[in-house]
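**Q** This structure is in structure tokens; I'll ask about it shortly.
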Amino acid sequence: MSDETRKKIAESRWLNWLDKRFRLKDYIVESMEHPVKPWMRKWYYCLGGLTLTMFILLVITGIILLQHYEPTTAGAAESLAFIMGDVWMGWLIRGIHHWAANLMMFLVVAHMVRVFITGAYKNPRELNWITGVFLLLTTAGFYLTGYILPWDQRGFELAQRTLELVRKVPLVGNPLAYLVTSEKIAGDEALHFFYMSHVIILPLVLFILLLFHFVMIRRQGIADPL
Amino acid sequence: MLERLKDACRKLTARFSKRRREREAAKKDVPFFPEFATFELVIMLIAMVVVVLIAVFWPGVAGPAADPAGDFEPTAFLEFALDELPDWITAVGLGGSIGFVILLFFIPRLDPGKTRSKTARRIVVLSAAVFLVGWLGIYGAYGYFAIPHGSNNTPGGEWTMCWHCHSHWGGPGDPLDISRHGEVIDENCMTCHLDDPKLVEFYLCDEGLFRESHQCSHCHNPHAPVPHEVTPGETRMERMAVGGETYVFPYTPRNGETHPSLPMRTCYACHEFDTASGGAAEVAESSPATTLVGEHPPLDGRACLDCHATYDGAAVGVARCIFSEADGDVHALPGARGSDCASCHEITTTYER
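Chains as they are written, first to last, in my numbering: chain L, -7 to 218; chain C, 4 to 356.
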């Protein structure tokens, strides 16, 4: 960091205001000065950050979609048509949500492949790798539940087939499926479950995992490639 | 001479030293801000712009509401596979996927060393590449093969598999009859798209407009990513209820019409509007008892009779009117002829110049 930047930070009124209350200045300065290896300035070291970007896009567009979406079997498809046709820029918001979700799934896998190739899961970063696998599963969960929510024929049949698959699991299958719905054919109960998972449970899980993931990266730094 | 050699050596050494210094400098850490932060922010910004652009050009589509009481139709690639494949393959696939995820958790345990041999590196890169290509392949197959119509509005059609259109069995050497790719067998189109036999009679039977020379896929692209591109030109998609199902047809049906008025641009894709082989004259020769539907081709400053002969074959130029009725009478008025076509006919064409 140049002396000029350092001086600007030291003289920044709002940073000083914040620092008096939260004592963040040292942390910010330390973060900005945090040494980074020059070889990290490659696109494939940005895949994790890009995944986060997609997640942020998904959260923003998801909140807007949440305002208009109706999680009932009778109204889901209709509310989606309303979003696409009547809500200002609704088609674009949903389009961004749709494509960001696809890209996030792709980027999570690509990020994992990069970590795998560079051996970034090795001691002492095993826990971060395991968190990453959980994050992959959570993202897949988002993908599945998001696919079901429009409750068009695809969504409905995916919900129904998923339940059928779960029921086939020996011993625990039926009780697990009963957690989702008591009905044989997926209906409102199942849709509510998937909706609740998509907008409450999975975001919470993802937030906790991401927090852990980032704290570990901050503590351990980016691994040198093998 | 010796001095010059020494000088050259000095310069060479200096050049190498400079490069070494640059390499050394490149190995040194740089602060996160602004170098790395700016780089990452730019990449993130580009990603956001890319997503927005994709969403603008290919916005998501909303399908009609689900009908749980209706017949079950395989509407997704995976579900379709679950239905079609033997149970043991499904079990192996499912078990393999779960096993793979469990394996992922144990990778740090399975590969504990701090270094990798050259062979190990090669294996890692190869396995990662195989995984990525395989995963992308499945993803691509899901997107491509499972959405041949590119429309979410056609129940049962959207997720149709490739062999539903490209025949089922072309022999051991060509199991999916891919040699006919692009020439989707009409009967296969008809299984979903036609409850009305008039269409076949009018277009594809022995006396039909297209007879055996044309197939649906010559003009319609089942893989079109958006509905209005299913048929080239300006034909649009129209939702219709046929046989208790809702389908999306690439035209606006008019009274008593079972097929669109094809934009002439569709014909121009293959036919030249002239008297050369393959042009209008040949079409007229091969299909004299047909009615052309659709708008008029561009006049290009020509008078009507430059191309249109009177119906009895006394041609002006070479081309005979291909717009004649089946009974051979151009105007449905026996004996009616005339050169002042525009007094009765209003010719409008979007391609008129």
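Even glycine gets a Cβ: it sits at the ideal position worked out from N, Cα and C.
Tell me the DSSP secondary structure of Ala68/C in three-state form.
**A** For the purposes of this step, residue 68/C is taken as the residue at position 65 of the second sequence. If DSSP states are grouped into helix, strand and coil, Ala68/C belongs with the strands.
**Q** Evaluate the contact criterion for the segment 123 to 136 of chain L versus the segment 95 to 109 of chain L: three or more CB pairs, one atom per stretch, below 8 Å.
**A** Result yes; three or more Cβ-Cβ pairs closer than 8 Å.
**Q** So which of Phe36/C, Gly102/C, Lys14/C has the shortest CA-CA distance to Thr(-3)/L?
**A** Looking up residue -3/L in the first sequence gives position 5. For Thr(-3)/L, the nearest C-alpha among the options comes from Phe36/C.
**Q** For the alpha helix (DSSP H) containing Ile176/L, list its first residue and its last residue.
**A** Here the question's residue 176/L lines up with position 184 in the first sequence. It should be pointed out that residue 176/L corresponds to Lys in this sequence rather than to Ile. Careful: Lys176/L lies outside any alpha helix (DSSP H) and carries neither H nor E.
**Q** Nearer than 7 Å: is that true of the beta carbon of Phe98/L relative to any heavy atom of the ligand COA?
**A** In the structure shown, the ligand COA is absent, as is every other ligand, since no ligand is present at all.
**Q** If you follow the alpha helix (DSSP H) that Trp121/L is in, where does it begin and where does it stop?
**A** Numbered from its first residue, the first sequence carries residue 121/L at position 129. Trp121/L -> alpha helix (DSSP H) spans 118 to 140.
**Q** Contact between the segment 68 to 77 of chain L and the segment 140 to 148 of chain L: three or more CB pairs below 8 Å?
**A** Touching, yes, given that three or more Cβ pairs across the two stretches are closer than 8 Å.
**Q** Classify Ser20/C as buried or exposed, calling it buried when 16 or more other Cβ atoms lie within 10 Å of its own Cβ.
**A** Here the question's residue 20/C lines up with position 17 in the second sequence. Exposed is the call here.
**Q** Pull up the DSSP beta-bridge partners for Val28/L, would you.
**A** Position 36 of the first sequence, counted from the first residue, corresponds to residue 28/L. DSSP, once it has assigned bridges, lists Val33/C as partnering Val28/L.
**Q** Could you give the first and the last residue of the continuous alpha helix (DSSP H) run that contains Asp216/L?
**A** Taking the first residue of the first sequence as 1, we reach residue 216/L at position 224. Segment: none, Asp216/L is in no alpha helix (DSSP H) and carries neither H nor E.
**Q** Going by beta carbon distance, what residues of the same chain come within less than 8 Å of Leu177/L, once the five residues before and after it are set aside?
**A** In the first sequence, residue 177/L corresponds to position 185, counting from 1. Inspection of the sequence shows that residue 177/L is occupied by Ile rather than by Leu. The residues are Gln152.
**Q** Please confirm whether His89/L and Leu57/L have their CB atoms less than 8 Å apart.
**A** If you number the first sequence from 1, residue 89/L lands on position 97. If you number the first sequence from 1, residue 57/L lands on position 65. It is a contact, given that the beta carbons lie within the stated cut-off.
**Q** Consult DSSP for Asp90/C and reduce its assignment to one of helix, strand or coil.
**A** One-based indexing of the second sequence puts residue 90/C at position 87. Helix at Asp90/C.
**Q** If you count every other CB in all the chains shown that lies within 10 Å of the CB of Lys14/C, and 16 or more means buried, which is it?
**A** For this step, residue 14/C is matched to residue 11 along the second sequence. Counting Cβ neighbours within 10 Å, Lys14/C comes out exposed, since fewer than 16 surround it.
**Q** Within the same chain, show all residues whose beta-carbon is closer than 7 Å to that of Leu49/L, passing over the 5 residues directly before and after it, in chain order.
**A** Locating residue 49/L in the first sequence gives position 57, counting from the first residue. The answer, listed in chain order, is Ile88, Ala92.
**Q** For the segment 25 to 43 of chain L against the segment 74 to 81 of chain L, do three or more pairs of beta-carbon atoms, one drawn from each stretch, fall closer than 8 Å, so that the two count as touching?
**A** The segment 25 to 43 of chain L is not in contact with the segment 74 to 81 of chain L.
**Q** Between Tyr19/L and the rest of its own chain, which residues show a CB-CB distance below 8 Å, the 5 nearest in sequence each way excluded?
**A** Taking the first sequence and counting its residues from 1, one reaches residue 19/L at position 27. Excluding sequence neighbours, Tyr19/L sits near nothing in its chain.
**Q** Buried or exposed, going by whether 16 or more other CB atoms sit within 10 Å of the CB of Lys114/L?
**A** Here residue 114/L corresponds to residue number 122 of the first sequence, with the count starting at 1. Looking at its Cβ environment, which holds 16 or more other Cβ atoms inside 10 Å, Lys114/L is buried.
**Q** Determine, for Asp78/L, whether the minimum Cβ-Cβ distance to residues of chain C falls below 8 Å.
**A** For this step, residue 78/L is matched to residue 86 along the first sequence. With 8 Å as the cut-off, Asp78/L does not count as an interface residue toward chain C.
**Q** According to the neighbour-count rule (16 or more other Cβ atoms, all chains shown, within 10 Å of its Cβ), is Pro162/L buried or exposed?
**A** On the first sequence, position 170 is the one that residue 162/L refers to. Answer is exposed; the Cβ neighbour count stays below 16.
**Q** Could you list which residues in chain C have their beta carbon closer than 7 Å to that of Ile109/L, in chain order?
**A** Position 117 of the first sequence, counted from the first residue, corresponds to residue 109/L. Going along chain C in sequence order, the residues near Ile109/L (Cβ under 7 Å) are Val127, Val128, Ala131.
**Q** At 7 Å on the CB atoms, spell out the chain L contacts of Trp138/C, in chain order.
**A** As a first step, residue 138/C is located in the second sequence; it is residue number 135 there, counting from the start. Going along chain L in sequence order, the residues near Trp138/C (Cβ under 7 Å) are Val101.
**Q** So, is Glu149/L buried or exposed, given that buried needs 16 or more other C-beta atoms within 10 angstroms?
**A** Along the first sequence, one-based indexing puts residue 149/L at 157. Buried: at least 16 other Cβ atoms inside 10 Å.
**Q** What's the C-alpha gap between Gly116/C and Arg86/L?
**A** Within the second sequence, residue 116/C is the residue found at index 113, counting from 1. Within the first sequence, residue 86/L is the residue found at index 94, counting from 1. The straight-line gap from Cα to Cα measures roughly 46 Å.
**Q** Spatial neighbours of Phe47/L within its chain, please: CB distance less than 7 Å, with the 5 preceding and 5 following residues excluded, ordered by chain position.
**A** By one-based count along the first sequence, residue 47/L stands at place 55. Closer than 7 Å at Cβ, skipping near neighbours: Met96.
**Q** Measuring only between beta-carbons, confirm whether Asp10/C sits less than 8 Å from chain L.
**A** The residue given as residue 10/C occupies position 7 in the second sequence. Output row for Asp10/C: interface = no.
**Q** Can you have a look at Leu168/L and say buried or exposed, based on whether 16 or more other CB atoms are within 10 angstroms of its CB?
**A** Residue 168/L sits at position 176 when you count from the first residue of the first sequence. Leu168/L is exposed by the Cβ-count criterion.
**Q** Can you check whether the CB of Thr137/L is closer than 8 Å to the CB of Val197/L?
**A** For this step, residue 197/L is matched to residue 205 along the first sequence. For this step, residue 137/L is matched to residue 145 along the first sequence. No, they are not a contact pair.
**Q** Mind checking the segment 119 to 141 of chain L against chain C and listing, in chain order, the residues whose C-beta falls within less than 8 Å of any C-beta there?
**A** Within the segment 119 to 141 of chain L, the qualifying residues are Trp121, Ile122, Val125, Leu128, Leu129.
**Q** Compare the C-beta of Trp6/L with all C-beta atoms of chain C and state if any pair is closer than 8 Å.
**A** Numbered from 1 along the first sequence, position 14 holds the residue referred to as residue 6/L. Cβ-Cβ to chain C under 8 Å: no for Trp6/L.
**Q** Can a CB atom of chain L be found closer than 8 Å to the CB of Pro89/C?
**A** As a first step, residue 89/C is located in the second sequence; it is residue number 86 there, counting from the start. For Pro89/C, the answer is no, since every Cβ of chain L falls outside 8 Å of its Cβ.
**Q** Met32/L: buried (16+ other C-beta within 10 angstroms of its C-beta) or exposed?
**A** Position 40 of the first sequence, counted from the first residue, corresponds to residue 32/L. The residue is buried, with at least 16 neighbouring Cβ atoms inside 10 Å.
**Q** Need the endpoints of the alpha helix (DSSP H) that Trp6/L sits in, please.
**A** Working through the first sequence from its first residue, we reach residue 6/L at position 14. Element bounds for Trp6/L: 5 to 14.
**Q** Run through DSSP, which three-state label would Asp(-5)/L get?
**A** Here residue -5/L is taken as the residue at index 3 of the first sequence, counted from 1. Note: Asp(-5)/L maps to helix in three-state DSSP.
**Q** For Gly140/C, count neighbouring C-beta atoms within 10 Å of its own C-beta (all shown protein chains included) and say buried if the count is 16 or more, exposed if not.
**A** Reading the second sequence from its first residue, position 137 is the one you call residue 140/C. With fewer than 16 other Cβ atoms within 10 Å, it is exposed.
**Q** What's the call for Ala68/C, buried or exposed, on a 16-neighbour Cβ count within 10 Å?
**A** Indexing the second sequence from 1 puts residue 68/C at position 65. It is buried - the Cβ of Ala68/C has at least 16 other Cβ atoms within 10 Å.
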